[in-house]
Amino acid sequence: MMRGTILATLFLGPVLTIILSSCAVNPVTGEEEMMFFSPEKDVALGRKYAPAIEKELGGLVPDDNLQNYVNQIGQKIARVCHQPDLSYHFAVVEKGGANALAVPGGYVYVTRELLEELKSEAQLAAILGHEVGHVVARDTMAALSRQIGMTALVAAVGATDDSGRGVGGASFVAATLSLQYSREDEKDADMTGLSYMTQAGYDPNGIVETMRILQELQTYRPVEFFSTHPNPESRIAYLEDRIARRYAGLGALKVGTEEYAEKILTPLSQMKEKERIKTPTLEPWGTKEKPAF
Ligand SMILES: [Zn+2]
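FYI, in my numbering the residues of the sequence shown are 7 to 299.
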């Protein structure tokens, strides 16, 4: 009996230690969850693959003022979130349709096309708040382990090639770009993001307006944000209900329509005009000699 207990302690001890050390409390839900990597690994993973992800998304939009403006709004959200000690990075990328994504460890990207659809700082704060909600809850790591499997995720964490080209790296980058969250995680990120944006001083109605804009866009074409962030039914209804019950008594909070037009919409439309002038128009057939290959 004694011998059995000692043997059990010898063999089960390390196993129990591993299991117990990988349990963590999700700061958003307050529930204990199985986490296979420490938060430090998330940061290392984000730092390692963010350049490859940025490259896949066409690189950063080349406008420092615009990037700083988006980053400042993001940092206001980061300061009030459940994990303010993490180093957050907010950036605007050229491609990827109308979308936003969170890379483990605090890297948040919004696409140029999504910015073109929005109309105010509060609407942008809603998107950034939602993505920070995913970062804090570590939804990305959970979704990645579902999508590419633990083996590939472990390979990505351990890969020495940080260009994103290695086996683990390539699947990590590809999966992050097409990641699908669960509807439950999505609803949590909506509610968390709503709380963050309001604490950061933004009008909570911005999130409802953002959802309406994206749903309206979806009547014309598939919206990338909804393909990576499944749209829970009655999203607008539950957000409006939460705003009415929890945030109705708040005084005037920031909407920021003029600032958004000045810092985002005007520079983006000027950029588009420059690109249009630069892009050579196609010559009609027959007016040019066939190139010799
Ligand atoms: Zn989401």
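Yeah, the Cβ is synthetic: ideal placement off N, Cα and C, and Gly gets one too.
Q.
What does the alpha-carbon distance come out to for the pair V67 and P273?
A. So the alpha carbons of these two residues sit roughly 11 Å apart.
**Q.** Residue-level contact to chain B via CB, L200, 8 Å cutoff
**A.** Checking the listed chains, one finds no chain B in this structure; it contains a single protein chain.
**Q.** beta strand (DSSP E) runs contained entirely in the region 207-290, provided each spans 3 or more residues
**A.** none
Q: Return helix, strand or coil for Y94, following the three-state DSSP convention.
A: coil
Q) Where does the unbroken alpha helix (DSSP H) through A148 begin, and where does it stop? A) D145 to G164
Q. Thinking C-beta only, is D196 closer than 8 Å to L245?
A. In this structure, L245 lies near D196, with their beta-carbon atoms less than 8 Å apart.
Q) Given that a residue counts as buried once 16 or more other Cβ atoms are within 10 Å of its Cβ, and exposed if not, what is Y226? A) exposed
Q) What's the gap between the Cα of G10 and the Cα of T157? A) Because G10 carries a pLDDT of 47, less than 50, the predicted location of this residue cannot be relied on, and the following value inherits that uncertainty. Near 33 Å, if we compare the C-alpha coordinates of T157 and G10.
Q.
Quick test of the definition: if touching needs 3 or more C-beta pairs under 8 Å, does the region 219-236 touch the region 144-163?
A. no
Q. Between which two residues does the alpha helix (DSSP H) harbouring A58 extend?
A. P45 to E62
Q) For ligand 3, is there a heavy atom less than 7 Å away from the beta-carbon of E264? A) With respect to ligand 3, the structure offers nothing, as its ligand set consists of ligand 1.
Q) Among Q78, G112, I83 and Y187, which one has its Cα closest to the Cα of K54? A) G112
Q) If Y115 sits next to L107, beta carbons under 8 Å apart, how far is it from one beta carbon to the other, in whole angstroms? A) Their Cβ separation, rounded to whole angstroms, is 5 Å, which keeps Y115 and L107 in contact under 8 Å.
Q: Using 10 angstroms around the beta-carbon of A243, count the other beta-carbons present and answer buried if the total reaches 16, otherwise exposed.
A: exposed
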